[in-house]
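Student: I have a structure I would like to understand better, so I am pasting it below and will then ask my questions one at a time.
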Amino acid sequence: TISSELATSPAALRARRQLLSAGAAAGVAAGFNAPIAGVFFALEVVPAQVRAAVTSEEVELGPAERSSGRQRREQRREQRQGGKLPPDAATRLRLRRDAAELDVKSNTAIVATVLAAVASAL
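Written as structure tokens, this is what we have:
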């Protein structure tokens, strides 16, 4: 459905991660009445947890993993001749985890985190 496509789009996932970071900062800032501690918590702890939350199920199988053995050999032969090899699943997982961590540390997320922490501590 359209709503499920929008919910899992890269932009929607990025926004959800940024809101998670801002919410964590606001919670710590309000709970301890310490906005700076909330910001540091959001910048240190949340990215590691977001990175760990990206699982291998979220990484789509590439064409090499979906096809049969014969098709896979033909695709690899064509790709070698073209000089391009597809990234394996482990590489794609590492890249997705890096992107998830960077979403939380982006400029937009940092601004939202600081504003949420300061507003909640007031």
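Those letters in the sequence shown? Residues 2 to 123, per the working numbering, in order.
Glycine included, each C-beta is placed from N, C-alpha and C at the ideal position.
Quick caveat, the model's predicted, so the values are computed rather than measured.
1) I need the DSSP call for Ala35, collapsed to helix, strand or coil.
2) Say whether the stretch 17-30 touches the stretch 97-115, bearing in mind that this needs 3 or more beta-carbon pairs closer than 8 angstroms, one atom from each stretch.
3) So, are the CB atoms of Lys106 and Leu44 less than 8 angstroms apart?
4) On the criterion of 16 or more Cβ atoms from any shown chain inside 10 Å, does Gly32 qualify as buried, or is it exposed?
5) What's the call for Ala53, buried or exposed, on a 16-neighbour Cβ count within 10 Å?
6) Leaving out the 5 sequence neighbours to the left and right, which residues in its chain are closer than 7 angstroms to Val29 when beta-carbon positions are compared?
7) Can you tell which of Ala23, Val47 and Thr9 has its C-alpha closest to the C-alpha of Ala122?
8) By the three-class DSSP mapping on this structure, what secondary structure does Asp89 have?
9) Quick one: is Thr114 buried, meaning 16 or more other Cβ sit within 10 Å of its Cβ, or exposed?
Tutor: Put simply:
1) coil
2) yes
3) yes
4) exposed
5) exposed
6) Ala38, Gly39 and Phe42
7) Ala23
8) coil
9) buried
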